[in-house]
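Peer 1: Sequential numbering of the sequence shown, starting at 1, is according to the UniProt record's numbering.
Ideal Cβ placement from N, Cα and C applies to all residues, glycine included.
Everything numeric in this text was worked out from a predicted model, so none of it was measured.
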Amino acid sequence: VACCGQGPYNGLGLCTQLSNLCSNREVYAFWDAFHPSEKANRLIVNDIWSGTQAYMSPMNLSTILALDATT
């Protein structure tokens, strides 16, 4: 279910002035039919940055950036 939209599950069209709007966007995975919510984006980035090999293989982004590029 999207936070902002029209039709079933607010899954039709973009967010406009005529759209249904949720009261608490923090509990939705999608803002509209196309875009992840801010909360979903934070969860995705957290997994990329510091997640286990289940999400980032062979290592997460923080480990990659901590490597010494000269070796």
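DSSP state of Leu21, grouped into three classes?
Peer 2: It is a strand residue.
Peer 1: Is it buried or exposed, Asp68, if we count other Cβ atoms within 10 angstroms and call 16 or more buried?
Peer 2: Burial call: exposed.
Peer 1: Between which two residues does the alpha helix (DSSP H) carrying Thr63 extend?
Peer 2: Where Thr63 is concerned, the enclosing alpha helix (DSSP H) stretches over Leu61 to Ala66.
Peer 1: Quick one: give me the first and last residue of the alpha helix (DSSP H) that Trp31 is part of.
Peer 2: Note, Trp31: premise wrong, no alpha helix (DSSP H); not H, not E.
Peer 1: Which partner residues does Cys4 have in the DSSP bridge list?
Peer 2: Note: Cys4 sits in a beta bridge opposite Leu21.
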